[in-house]
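Heads up, the thing below is written out as structure tokens.
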Amino acid sequence: AQSVTQPDIHITVSEGASLELRCNYSYGATPYLFWYVQSPGQGLQLLLKYFSGDTLVQGIKGFEAEFKRSQSSFNLRKPSVHWSDAAEYFCAVARPTGNTPLVFGKGTRLSVIA
Amino acid sequence: NAGVTQTPKFRVLKTGQSMTLLCAQDMNHEYMYWYRQDPGMGLRLIHYSVGEGTTAKGEVPDGYNVSRLKKQNFLLGLESAAPSQTSVYFCASYAAGWSYEQYFGPGTRLTVT
Numbered sequence: 039a040q041s042v043t044q045p046d047i048h049i050t051v052s053e054g055a056s057l058e059l060r061c062n063y064s065y066g067a068t069p070y071l072f073w074y075v076q077s078p079g080q081g082l083q084l085l086l087k088y089f090s091g092d093t094l095v096q097g098i099k100g101f102e103a104e105f106k107r108s109q110s111s112f113n114l115r116k117p118s119v120h121w122s123d124a125a126e127y128f129c130a131v132a133r134p135t136g137n138t139p140l141v142f143g144k145g146t147r148l149s150v151i152a
Numbered sequence: 202n203a204g205v206t207q208t209p210k211f212r213v214l215k216t217g218q219s220m221t222l223l224c225a226q227d228m229n230h231e232y233m234y235w236y237r238q239d240p241g242m243g244l245r246l247i248h249y250s251v252g253e254g255t256t257a258k259g260e261v262p263d264g265y266n267v268s269r270l271k272k273q274n275f276l277l278g279l280e281s282a283a284p285s286q287t288s289v290y291f292c293a294s295y296a297a298g299w300s301y302e303q304y305f306g307p308g309t310r311l312t313v314t
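Residue numbers (our numbering), protein chains in the order written: chain R, 39 to 152; chain D, 202 to 314.
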């Protein structure tokens, strides 16, 4: 069965600092990989996704993620965090057979301080 | 184009009461999902549907039932609510194909006392 681990429950960064959120997955083959963001009181919004090809993917709001097969990781990064990035971030995976439900990690809450 | 909407936004139930949560999407998506979100647990799949008239169990289906009588609607029912079902419920939909982007509703916050 697939599983997703987000090791950091809560991260605090200063505005303007760089950010990296970790995600590790467990699956026999390379799954489809996703990062979602949830602002307080809101639903989830897709930031970016990886299916195949270039292992560095660009998303919305200045985020990027890098797939590393050898480490079974899909870490999310942003070079300079803005106060509006404070939210909860979820990594998710799906089997590459397509059209299968997503499996979510437990999330990382990001706080941004001045 | 409203996307995915959920009704109601908030609800308080007493133990043993029943209710139905409605999810509606206007994007003609085939796939629809019900998740529950609890602190520190992420999103867990309750039930899902791959098309009108079909439903399937997810990770945590016990205590819930679903129906997909119309393509645009996916109903989640609680027949006899329990305090353990206190949660935030999210509906999502997605169009089969290459995009694989799930669109989420704003959520329903349910409290069972």
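Every residue, glycine too, gets a C-beta built ideally from N, C-alpha and C.
Below 8 Å, enough C-beta pairs join the segment 47 to 65 of chain R and the segment 126 to 137 of chain R to call them touching: three or more. Using beta-carbon distances, PHE291 of chain D counts as an interface residue toward chain R, with a partner under 8 Å.
Rounded to the nearest whole angstrom, the C-alpha separation of GLY204 of chain D and TYR304 of chain D is 8 Å. Taking a C-beta cut-off of 8 Å against chain D, the contacting residues of the segment 83 to 110 of chain R are GLN83, LEU84, LYS87, PHE89, listed in chain order.
The beta strand (DSSP E) runs lying completely inside the segment 224 to 309 of chain D and spanning 3 residues or more are 232 to 239, 243 to 250, 266 to 268, 274 to 279, 288 to 295, given in chain order. ILE49 of chain R sits in a strand when the DSSP states are folded into three classes.
Restricting attention to D:ALA283, D:VAL251, D:ILE247, D:PRO284, the CA atom closest to the CA of ASN266 of chain D is found in D:ILE247. Per DSSP, the unbroken beta strand (DSSP E) holding ALA130 of chain R starts and ends at 125 to 132. Shortest Cα-Cα distance from TYR232 of chain D to any of D:ASP239, D:ALA257, D:LYS210, D:LYS215 involves D:ALA257. Apart from the 5 residues on each side of it in sequence, THR206 of chain D sits with its Cβ closer than 7 Å to the Cβ of ALA225, GLY306 in its chain, given in chain order. Cβ neighbours of SER77 of chain R within its own chain (closer than 6 Å, five residues either side excluded): ALA125. The residue among D:TYR236, D:ASN229, D:GLU253, D:TYR290 with its C-alpha nearest the C-alpha of LYS271 of chain D is D:GLU253. With contacts defined by Cβ atoms closer than 8 Å, ALA103 of chain R and TYR127 of chain R do not form a contacting pair.
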